[in-house]
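> In the working numbering, the protein residues as written are 591 to 893.
Cβ atoms here follow ideal geometry from the backbone N, Cα and C, with glycine treated the same way.
All figures in this text were calculated on a predicted structure; none of them were measured in a lab.
Dumping the structure here so I can ask a few things about it.
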């Protein structure tokens with residue numbers, strides 16, 4: 591193979607990534623132990639070599655251009671792979687180590703993933719876990735995430751998707767609501783009830799309720815005067831306090847169904863589910879800490 595980069599160019603790439611992450615040549619210089627002028631000259635040489643502007647500069651800060659953002663994403667991933675490869679060769683990665691950044695939806699975080707993290711850390715004490723709990727889609731490379739869990743797989747050829755769990759859906763209501771409004775017996779009865787709605791935060795689209803109707807899969811857009819978005823637990827809280835009917839994941843309301851504060855309804859029409867999917871960027875070199883975490887989840891989560 592022919593040599594593409596000299597030592598100076600590789601060093602310039604590291605300084606460029608530091609400046610991109612810090613948003614400042616001065617801050618990058620402090621981390622690297624060089625002068626701000628050295629960082630500025632290094633970036634200027636890169637821009638001249640590439641023929642593009644990597645930063646838009648002001649007197650107070652620097653900001654990546656569109657070309658700079660794309661270049662940074664590729665450089666950051668390449669440098670991370672070099673670091674991991676070096677650690678393995680030097681024998682420093684016999685045990686998983688480093689920081690693992692994960693993005694998890696609110697419901698799955700509280701009821702599935704967060705309760706497992708202490709046991710994961712006990713098994714792999716050299717791994718630090720940073721959890722981002724939100725239902726928004728994240729930028730893996732730009733925001734520096736290793737892994738995300740989502741209800742639906744994102745159609746992105748740059749991501750690997752692996753299903754974690756097919757979570758069963760259940761219809762719920764409070765005893766007080768059912769005493770006041772009656773218990774629906776068929777899907778047509780839903781028209782006479784207060785149906786709590788959930789809107790997707792990313793699109794505002796209202797989620798349909800899923801049912802099995804004598805072997806036929808049906809989706810129903812029920813109507814009601816209560817809706818919530820971003821956090822499914824809002825719909826559960828409304829239902830528990832008598833606002834109406836709601837469809838959610840069984841694992842969220844198992845305790846409430848057991849103690850009677852919520853009641854499962856329309857059981858003959860149940861059995862539908864939605865998959866929770868694990869996503870991570872494609873790479874020929876997957877960090878050992880990420881491999882360990884994926885294996886741990888597969889071992890401990892319900893199939």
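Can you check DSSP and say which residues form a bridge with residue 758?
In the chain shown, the residue the question calls residue 758 occupies position 168. 863.
> Going by C-alpha distance, which of 633, 686, 822 and 798 is nearest residue 710?
Your numbering for residue 710 matches position 120 in the chain shown. Answer by Cα proximity: 686.
> Once the 5 residues before and after residue 753 are set aside, which same chain residues still bring their CB inside 6 angstroms of it?
Translated into positions along the chain shown, residue 753 becomes position 163. Correct list, in chain order: 865 and 867.
> Which residues in the same chain as residue 803 place their Cβ atom closer than 8 angstroms to its Cβ, once the five residues preceding and following it in sequence are excluded?
Translated into positions along the chain shown, residue 803 becomes position 213. Correct list, in chain order: 777 and 859.
> Using 8 angstroms for Cβ pairs, my map puts residue 739 next to residue 780. What's the rounded Cβ distance?
For the purposes of this step, residue 739 is identified with residue 149 of the chain shown, where counting begins at 1. For the purposes of this step, residue 780 is identified with residue 190 of the chain shown, where counting begins at 1. Actually they do not touch by this definition, with Cβ atoms about 30 angstroms apart.
> Three or more C-beta pairs under 8 angstroms: does that hold for the stretch 758 to 773 against the stretch 828 to 835?
yes
> Residue 689 to residue 788, Cα distance in whole Å?
Numbered from its first residue, the chain shown carries residue 689 at position 99. Numbered from its first residue, the chain shown carries residue 788 at position 198. C-alpha separation (whole angstroms): 34 angstroms.
> Going by DSSP, name the residue or residues bridged to residue 871.
Here residue 871 refers to the residue found at position 281 when the chain shown is read from its first residue. BP columns for residue 871 point to 749.
> I believe residue 574 touches residue 644 by the beta-carbon criterion, under 8 angstroms. Please report the beta-carbon distance rounded to the nearest angstrom.
Nothing can be reported for residue 574: it is not among the residues displayed for the chain, which extend from 591 to 893.
> Measuring only the C-alpha atoms, how far is residue 702 from residue 852?
Along the chain shown, one-based indexing puts residue 702 at 112. Along the chain shown, one-based indexing puts residue 852 at 262. C-alpha separation (whole angstroms): 20 angstroms.
> Give the list of continuous alpha helix (DSSP H) stretches no shorter than 4 residues that lie fully inside the stretch 793 to 852.
823 to 830 and 840 to 849
> Residue 735 lies in the alpha helix (DSSP H); which residues open and close that run?
Translated into the one-based positions of the chain shown, residue 735 becomes position 145. Taken as a continuous stretch (DSSP letters only), residue 735 belongs to no alpha helix (DSSP H), as it is neither H nor E.
> Leaving aside the five residues before and after residue 813 along the sequence, list all residues of the same chain whose C-beta is less than 7 angstroms from its C-beta, in chain order.
Here residue 813 corresponds to residue number 223 of the chain shown, with the count starting at 1. Correct list, in chain order: 785.
> Please classify residue 566: is it buried, with 16 or more other beta-carbons within 10 angstroms of its beta-carbon, or exposed?
Here the chain covers residues 591 to 893 and nothing more, so residue 566 does not appear.
> What is the residue span of the alpha helix (DSSP H) that residue 769 lies within?
The count along the chain shown starts at 1 and reaches residue 769 at position 179. Here the alpha helix (DSSP H) through residue 769 covers 765 to 771.
> Using a threshold of 8 angstroms, state whether the C-beta atoms of residue 891 and residue 737 are closer than that.
As a first step, residue 891 must be located in the chain shown, where it is residue number 301. As a first step, residue 737 must be located in the chain shown, where it is residue number 147. No.
> From which residue to which residue does the alpha helix (DSSP H) around residue 620 run?
For the purposes of this step, residue 620 is taken as residue 30 along the chain shown, with counting starting at 1. Start and end: 615 to 622.
> Can you give me the start and stop residues for the beta strand (DSSP E) that residue 646 sits inside?
Within the chain shown, numbered from 1, the residue matching residue 646 stands at position 56. It spans 645 to 647 - the beta strand (DSSP E) in which residue 646 sits, taken as one unbroken run.
> Determine the DSSP secondary structure at residue 888, reduced to helix, strand or coil.
Against the chain shown, residue 888 aligns to sequence position 298. Residue state, collapsed to three classes: helix.
> Does DSSP put residue 782 in a helix, in a strand, or in coil?
The residue labelled residue 782 in the question sits at position 192 within the chain shown. Here residue 782 sits in helix by DSSP.
> Determine the burial state of residue 828: buried for a count of at least 16 other Cβ atoms within 10 Å of its Cβ, exposed for fewer.
As a first step, residue 828 is located in the chain shown; it is residue number 238 there, counting from the start. Result: buried.
> For residue 599 and residue 636, what's the separation of their Cα atoms in angstroms?
On the chain shown, position 9 is the one that residue 599 refers to. On the chain shown, position 46 is the one that residue 636 refers to. In a straight line, the C-alpha of residue 599 is about 8 angstroms away from that of residue 636.
> So what's residue 789 in DSSP terms, helix, strand or just coil?
Residue mapping note: residue 789 aligns to position 199 of the chain shown, counting from 1. Looking at residue 789 - three-state DSSP - the assignment turns out to be strand.
> How many angstroms separate the CA atom of residue 708 from the CA atom of residue 872?
Sequence index remark: in the chain shown, residue 708 carries index 118 (1-based). Sequence index remark: in the chain shown, residue 872 carries index 282 (1-based). Cα to Cα, residue 708 sits roughly 27 angstroms from residue 872.
> Can you check DSSP and say which residues form a bridge with residue 717?
Residue mapping note: residue 717 aligns to position 127 of the chain shown, counting from 1. According to DSSP, which records beta bridges pairwise, residue 717 is partnered with 688.
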